[in-house]
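Okay, structure first, notes after.
Chains as they are written, first to last, in the working numbering: chain A, 7 to 271; chain B, 3 to 464.
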């Protein structure tokens, strides 16, 4: 457990403020359950959670929030952004919530959450199909979808294919609709995925759960296991689903499991 | 969690013929200001049960203007910028300005308390009247709550004193001050600009408060004299278009040596403000970064506009006038003494904090009482940055130290000897002037580096 205290760069150059899109769904009754903040991955906006998960989470008594990272969704544009500013966005929104929040990050948003955990003592964290970066993961994604990945090395946006994101159970028309709404992360942040550096330890020792699908064509099972091991656990698996678990046909299963886990803790 | 059930907590000890209620391994935090709140939060985070006592009925301590001991006045703004002032794990909103108003700081502390659910651990309206060591490293804490309530003594495993050091006015001694017929107030009694309007005001003291009040008087009063004993550097709030402390931290990040940083800053000031003596101010008798920084962009500006007349030291007070060291007589209606504050711990015997005749507490890193491994003082620092990040890491170190003491007593005992055995260090490289004002003066980078080392030593063995 090493703690980093000196952050001269953070003090001297705090990330530039941008407008942030935050969507929310409040439960009917004001219970004691902690707020849950959903963080979408690269190319995705808060809308992926407002489709199903946000209302569902509120329905189970958790105040639910979802944000769009800068340059995504309806948040302000930010072309030269790095992971540091994305993590800053997450910490800013988390600290603005009335109570200590649970952070749920999806895809590369899980990497953003993992970095935010070093700056904000979350009550708990859930990494959904986490893209924690590294050369190994880059190769496996490249092999699975060279046309959508290779140009990203030269500054284009990552373009995951419909078959990587969703299972066959999701109607093709719906899947195409979702895929057409995807945006892109900044080039710098995409490059950072290749060498994300060592993750700092979370502050406040929050419990961390890793969730994914063994059939995910972006995050293979070995990567899920590796991520879970990093936080001292085993991944919670939902076979037969694609990378975007919150949009796929059987979306209620993972979110129910996550909320059950939170209720138990 | 180590929350104790009522059965375990109800053990009763005796101190003389007074019952002492045992609180088991609970830690006592005194004060619910910024330092107290962060202590509660970090102790809770390490799994300790905490009882926090606050004499006022709200959180925020000095930053809560409703509190009788609060030194803030209507127009108080931060003098260190947001990024070096906020808690490291709970940032201020992006939408706030670089230098927020004091009411925002209170709002920030209230939100901090609510966000982390700290209020349920605070006993409001309860004043600590006595803290005495008991056997086994425990502490007997006597509190008095509410009107007519009886004193109550409870036994705690550790005590964190977070009562602040900016509330007990330090009054200067001047010949004839007692017989002076004009109004004399200490800066702590200054609350609102209406107190200055239409009056001739003498502000005494060249600290940050003194300079702020002189500027305020320049805007509101008929006439303002500003008396300082020495020459100072007046650092602007912005240099190179950025908050000055952020620029300085960049220079620190680049590991520029002190001499070079001093040269750079002198150069900036020479080019922008120029020769201070032209304004009737004294030439600074030290290099910048050698005393506590005075951050004020407006003082020289108002001198240049005639709003402030700088005068030197005062010689004596007469019945209706004040004589300056130069022999000149001035006749202010109101004298504001911005002469600072003194640390005061009425509930604690001074020797517990290692204080000798001069009353100066001598603690390891200004926080750990050497003879008592379970007694701490949080936030007793005069940093060249914001205080909150420093007190955050102080209290993290305290909580981790208590954890280690519990889990590995032998290693903890060894560590304690090696940590506190060393001589008193000054956590600043500059040749800080040795006045009571600089008792707790620290350089935030050096201090945090030392804390980083301490925290590393406190890590549980892998």
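Note that CB positions come from ideal geometry on N, CA and C, so glycine has one too.
Anything in chain B within Cβ reach of residue 268(A), meaning under 8 Å, just list it in chain order. Correct list: empty, because the minimum Cβ distance to chain B is about 16 Å.
Using C-beta distances below 7 Å, list every residue in its chain close to residue 326(B), excluding the 5 sequence neighbours before and after it, in chain order. 313, 314, 316, 317, 332
Would the beta-carbon of residue 134(A) fall within 8 Å of that of residue 110(A)? yes
Would a check of beta-carbon distances place residue 20(A) closer than 8 Å to chain B? yes
Using a C-beta cutoff of 8 Å, does residue 14(A) count as contacting chain B? yes
Could you tell me which residues DSSP pairs with residue 286(B) in its beta bridges? Residue 286(B) is not bridged to any residue.
With residue 258(B) and residue 431(B) assumed to form a contact (beta carbons below 8 Å), what rounded beta-carbon distance in angstroms separates them? That pair is no contact at about 13 Å.
Segment limits, alpha helix (DSSP H) that includes residue 11(A): Careful: residue 11(A) lies outside any alpha helix (DSSP H) and carries neither H nor E.
My guess is that residue 201(B) and residue 336(B) are in contact by the Cβ rule of under 8 Å, so how many angstroms apart are they, rounded? 5 Å
Can you give me the C-alpha to C-alpha distance between residue 4(A) and residue 98(A), rounded to a whole angstrom? Residue 4(A) lies beyond the range of chain A shown here (7 to 271); nothing can be said about it.
Nearest-angstrom Cβ-Cβ length linking residue 76(B) and residue 375(B), presumed shorter than 8 Å: Their Cβ separation, rounded to whole angstroms, is 43 Å, which puts residue 76(B) and residue 375(B) out of contact at 8 Å.
Hey, how far is the Cα of residue 401(B) from the Cα of residue 17(A)? 25 Å
C-alpha distance - residue 451(B) paired with residue 177(B), whole-angstrom precision: 45 Å
State the DSSP-derived secondary structure class of residue 325(B), mapped to helix, strand or coil. strand
Hey, out of 200(A), 268(A), 206(A), 224(A), whose CA is closest to residue 9(A)'s CA? 206(A)
Beta strand (DSSP E) runs contained entirely in the segment 94 to 166 of chain B, provided each spans 3 or more residues: 124 to 126, 128 to 135, 141 to 147, 154 to 158, 160 to 163
What first and last residue would you give for the alpha helix (DSSP H) that runs through residue 181(A)? 178 to 186
Residues of chain A with a CB under 7 Å from the CB of residue 255(B): which are they? 14, 15, 18
Rounded to whole angstroms, what's the CA-CA distance from residue 446(B) to residue 385(B)? Just pull it up for me. 6 Å
Exposed unless 16 or more other CB atoms sit within 10 angstroms - verdict on residue 212(B): buried
By DSSP's criteria, residue 58(B) is part of a beta bridge. Which residues make up the other side? Paired residue(s): none; residue 58(B) is not in a bridge.
Using 8 Å as the threshold, is the segment 210 to 228 of chain A in touch with the segment 130 to 148 of chain A, meaning 3 or more CB pairs across them? yes
The alpha helix (DSSP H) spanning residue 400(B) covers which residue range? 390 to 409
Nearest to residue 22(A) (by Cα), restricted to the options 71(A), 262(A), 82(A), 44(A): 82(A)
Helix, strand or coil: which one does DSSP assign to residue 234(B)? coil
Between residue 85(A) and residue 192(A), how many whole angstroms is the CB-CB distance? I'm expecting something under 8 Å. 6 Å
For the alpha helix (DSSP H) containing residue 305(B), list its first residue and its last residue. 301 to 306
Give me the Cα-Cα distance between residue 461(B) and residue 278(B), rounded to the nearest whole angstrom. 50 Å
Nearest by alpha-carbon distance to residue 247(A): which of 170(A), 95(A), 202(A) is it? 170(A)
Same chain, Cβ closer than 7 Å to residue 112(B), five either side skipped, listed in chain order: 61, 62
Segment limits, alpha helix (DSSP H) that includes residue 102(A): 89 to 102
Please list, in chain order, the chain A residues whose beta carbon lies closer than 8 Å to that of residue 381(B). The premise fails here: residue 381(B) is roughly 16 Å from chain A at the closest Cβ pair, so nothing lies under 8 Å.
Just the C-alpha distance for residue 5(B) and residue 51(B), rounded to the nearest angstrom, thanks. The predicted position of residue 5(B) is uncertain, since its pLDDT is 44 and thus under 50; a value taken from the coordinates is nonetheless stated next. Taking the straight line from one Cα to the other gives about 5 Å.
Within 10 angstroms of its Cβ, does residue 167(B) collect 16 or more other Cβ (buried), or is it exposed? buried
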